[in-house]
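Below you'll find the structure, written out as C-alpha cells, and then a few comments.
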Amino acid sequence: MIDPLTAAALATKAYTGVRAFIEAGKSIEDTFHVVARWQGHVSDVVYATEKKKKVNPFKRVMFSGSVEAEAAELFAARKKVETQKKELISMLNLAYGKEGVLQYRECIKEVAEQRRRDVYEAQEAKEFIGKMGILIVMLGLGAFIFYLIIDLATK
C-alpha cells in the first residue's frame, strides 16, 4: 500500500507541473494529461488515508506509533490535496472557462474509476491472499498440535 505522505508528495510534484502548464498557456489536452497524473496521486492519498483507518487491531497494537502523529500526517495530506484541488479549479476556470472545469471533473471520475478497478482491487486481492495464507498456516499448525495432543493422550 502506498503511504499517504508519499502519495501527497507525488501529488504536489504533479500539481507543480499542472500549474506550470496552465501558466505557460499550454493546450488543454497537454494540460489535462498532467492533471490526470495529479488526480491519480490525489486518489492515492484519499485511498491511503481511508486504508489507514481500517488497520486490523493486531497491527494497531503491535506496530502502533504515536496516534497523534499519524492523525496529523493524514490530516495534513488531505488538507494539502484539498487546497491544491481548489487552486486548480480556480486556475482552470480562469484559463479554460467552465468547459475546462467540466472536463476536469469528468477526468476525476475517469481516473478514480480506473484506479479503483486496476490498482486498488489488485492491492486488496494481494492483501486477502496474504491473510488467507497466514490463516492456512495457522490452521495447519493448530491441526498438527491437536494431532500431537491426541497422539500423546493415547500412549
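In the working numbering, the protein residues as written are 365 to 519.
C-beta atoms are modelled at their ideal positions from N, C-alpha and C, and glycine is treated no differently.
Handout entry: Integer-rounded CB distance, given that A372 should sit under 8 Å from A441
Key = The sequence position of residue 441 within the sequence shown is 77, counting from 1. The sequence position of residue 372 within the sequence shown is 8, counting from 1. Right, their Cβ atoms sit about 4 Å apart.
Problem - Exposure label - G497; buried when at least 16 CB within 10 Å - result: The residue you call residue 497 lines up with position 133 of the sequence shown. So G497 ends up on the exposed side.
Exercise for the section: Can you give me the start and stop residues for the alpha helix (DSSP H) that Y484 sits inside? Expected result: For the purposes of this step, residue 484 is taken as residue 120 along the sequence shown, with counting starting at 1. Y484 -> no alpha helix (DSSP H), and no H or E assigned at all.
Practice task
Report buried or exposed for L438, applying the criterion of at least 16 other Cβ atoms within 10 angstroms of its Cβ.
Solution key: Position 74 of the sequence shown holds residue 438. So L438 counts as buried.
Exercise for the section: Just tell me which of A388, V409 and T395 has its CA closest to the CA of E446. Expected result: One-based indexing of the sequence shown puts residue 446 at position 82. Of the listed residues, the one whose Cα sits closest to E446 is V409.
Exercise for the section: Mark T395 as exposed unless 16 or more other C-beta atoms lie within 10 angstroms of its C-beta, in which case mark it buried. Expected result: In the sequence shown, residue 395 corresponds to position 31, counting from 1. Buried: at least 16 other Cβ atoms inside 10 Å.
Problem - Inter-residue spacing [alpha-carbon to alpha-carbon] between I513 and V501 - result: Here the question's residue 513 lines up with position 149 in the sequence shown. Here the question's residue 501 lines up with position 137 in the sequence shown. I513 and V501: Cα-Cα distance of roughly 18 Å.
Problem - Cβ shell of A476 (< 7 Å), same chain only, five flanking positions each side left out - result: Position 112 of the sequence shown holds residue 476. Result list for A476: S407, in chain order.
Practice task
Tell me whether the beta-carbon of A384 lies closer than 7 Å to the beta-carbon of W402.
Solution key: By one-based count along the sequence shown, residue 384 stands at place 20. By one-based count along the sequence shown, residue 402 stands at place 38. Not closer than 7 Å, so no.
Practice task
For A388, verify whether its CB is less than 6 Å away from any heavy atom of the ligand ADP.
Solution key: No copy of the ligand ADP appears in this structure; indeed no ligand is present at all.
Problem - A388, DSSP secondary structure in three states - result: As a first step, residue 388 is located in the sequence shown; it is residue number 24 there, counting from the start. Three-state DSSP puts A388 in coil, outside helix and strand.
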